[in-house]
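Working notes for the structure below.
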Ligand code: E4P
C-alpha cells in the first residue's frame with residue numbers, strides 16, 4: 002500500500018504511476034473541480050472511468066455528491082459500476098451531523114459488497130467507529146488536524162493501536178497532506194497509506210545535495226572519458 006495520489010489530474014497520475022510508486026488514487030468533489038473536470042456528472046463519470054482504467058487494478062476512491070440518505074445508496078451503486086476498482090467515499094456524517102451515513106456505510110459494505118472509504122474524519126474515535134461499521138478504508142484528515150492545533154501523529158498512533166487491538170481490517174489513509182515531511186511521519190506513526198498531492202511527491206524525490214552529488218558524478222564521468 003503506502004502511497005496513493007490525491008488528485009483528479011490524469012497526467013499527474015500517469016506520471017507517478019510510471020514511476021511505480023503509486024498504490025491507488027483518491028479524489029473528492031473539490032479535487033475534481035480543481036482538476037478542471039467539466040461536463041457535469043457525465044464529465045465526472047468519464048474522468049473517473051479514464052482514471053480507473055489507467056490505474057487498474059489499483060483502487061480509485063470516488064466521493065458521493067449527495068448527502069440525501071435516500072439517494073446515497075443508489076449513487077454508490079451507480080459509481081461502483083463504473084469500474085471494478087472504484088471505491089466509494091462516504092463522509093462520516095452529514096454537513097449538520099446527520100447520522101445516517103454510518104448505516105449507509107455498513108449497508109454498502111455488507112449488503113452491496115461495495116468497498117467504502119469513510120472520509121472527512123478528524124479523530125481516531127471517528128475512524129474507529131467507521132472501521133467497526135465495516136469500512137475498507139478510514140481517511141483521517143491529518144493535515145486538517147494539525148491546522149486545528151492538534152497533533153495528527155498522536156491520532157494516527159492511537160488509531161493504529163485500536164484497529165490492531167480489535168482486529169479491525171480497515172486500512173488507515175492519512176489525508177490532507179500539507180508538507181513533504183507528512184508522508185514519512187504518518188506512515189511511521191502507523192498509517193497504512195498516505196494520499197499525497199502531486200507536488201509533494203516531487204518534493205520527496207528531489208534533494209539539493211543529491212543534485213550536487215549527481216552533478217559531481219557526471220562532471221567526473223566526463224573527465225574520466227577524456228583521461229588518457
Ligand atoms: C483525501 O482523500 C482527501 O479528500 C483529501 O486529502 C483532503 O484534503 P484537504 O484537506 O486538502 O481538502
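Residue numbers (the numbering used here): 2 to 229.
Just so you know, even glycine gets a beta-carbon here, dropped at the ideal spot from N, CA and C.
Alpha carbons only, please: which of the options is nearest the one belonging to residue i?
i, options, result
"residue 22", "229, 205, 224 and 215", "205"
"residue 170", "83, 80 and 130", "130"
"residue 143", "137, 176 and 116", "176"
"residue 15", "56, 27 and 4", "56"
"residue 1", "5, 42, 126 and 3", "Outside the shown range of the chain, which is 2 to 229, sits residue 1, and nothing can be said about it."
"residue 26", "136, 195 and 159", "195"
"residue 156", "127, 168, 93 and 37", "127"
"residue 74", "98, 59, 40 and 113", "113"
"residue 34", "58, 7, 59 and 53", "7"
"residue 151", "138, 161, 166 and 125", "125"
"residue 191", "201, 159, 46 and 203", "159"
"residue 154", "185, 167, 168 and 138", "185"
"residue 174", "99, 37, 53 and 187", "187"
"residue 67", "92, 162 and 3", "92"
"residue 59", "2, 100, 47 and 138", "2"
Assign residue i to one of two classes, buried (16 or more other C-beta atoms within 10 Å of its C-beta) or exposed (fewer than that).
i, result
"residue 31", "exposed"
"residue 71", "exposed"
"residue 148", "exposed"
"residue 69", "exposed"
"residue 5", "buried"
"residue 102", "buried"
"residue 217", "exposed"
"residue 10", "buried"
"residue 118", "buried"
"residue 109", "buried"
"residue 29", "buried"
"residue 222", "exposed"
"residue 207", "exposed"
Could you round the C-beta distance between residue i and residue j to whole angstroms and report it? I think they count as a contact, below 8 Å.
i, j, result
"residue 104", "residue 123", "Actually they do not touch by this definition, with Cβ atoms about 21 Å apart."
"residue 120", "residue 140", "4 Å"
"residue 13", "residue 209", "That belief does not hold up - the Cβ atoms of residue 13 and residue 209 are roughly 23 Å apart, past 8 Å."
"residue 193", "residue 172", "4 Å"
"residue 134", "residue 164", "Incorrect: roughly 13 Å between the Cβ atoms, too far for contact."
"residue 84", "residue 106", "No, residue 84 and residue 106 are not in contact; Cβ-Cβ is about 20 Å, not under 8 Å."
"residue 202", "residue 17", "6 Å"
"residue 77", "residue 115", "6 Å"
"residue 38", "residue 44", "5 Å"
Using 8 Å as the limit for Cβ to Cβ distance, is residue i near chain D?
i, result
"residue 138", "Within the model displayed, chain D is absent; a lone protein chain is all it includes."
Less than 7 Å between the CB of residue i and some heavy atom of the ligand NAD, yes or no?
i, result
"residue 135", "For the structure depicted, the ligand NAD is absent and the ligand set comprises only the ligand E4P."
* May I ask you to verify whether the segment 51-70 touches the segment 87-101, counting CB pairs closer than 8 Å and requiring at least 3? => Yes, the segment 51-70 touches the segment 87-101.
* Asked: If you pair each beta-carbon of the segment 161-181 with each one of the segment 210-219, do three or more pairs fall below 8 Å?
  -> Fewer than three beta-carbon pairs drawn from the segment 161-181 and the segment 210-219 are found closer than 8 Å, and the two stretches are therefore not classed as touching.
* **Minimum length 3: unbroken beta strand (DSSP E) runs contained in the segment 149-187** => Taking only runs of at least 3 residues, the beta strand (DSSP E) segments lying wholly in the segment 149-187 are 172-175.
* In chain order, which continuous runs of the alpha helix (DSSP H) of length 4 or greater are located wholly inside the segment 90-147? -> Taking 4 residues as the shortest admissible run, the segment 90-147 contains the following complete alpha helix (DSSP H) segments, listed from N- to C-terminal end: 101-111 and 125-133.
* Entirely enclosed alpha helix (DSSP H) segments - the segment 185-215, minimum 4 residues -> When DSSP assignments are scanned along the segment 185-215, the uninterrupted stretches of alpha helix (DSSP H) that are 4 or more residues long and fall wholly within it turn out to be 199-206.
* Output the residue ranges of the alpha helix (DSSP H) runs that lie fully inside the segment 11-42 and measure 4 residues or longer, sorted by chain position. => Restricting attention to alpha helix (DSSP H) runs no shorter than 4 residues, the segment 11-42 encloses them at 11-19 and 30-35, ordered along the chain.
* Can you check the segment 45-77 for any beta strand (DSSP E) of at least 3 residues that lies completely inside it and give the ranges in chain order? => Listed in chain order, they are 61-64.
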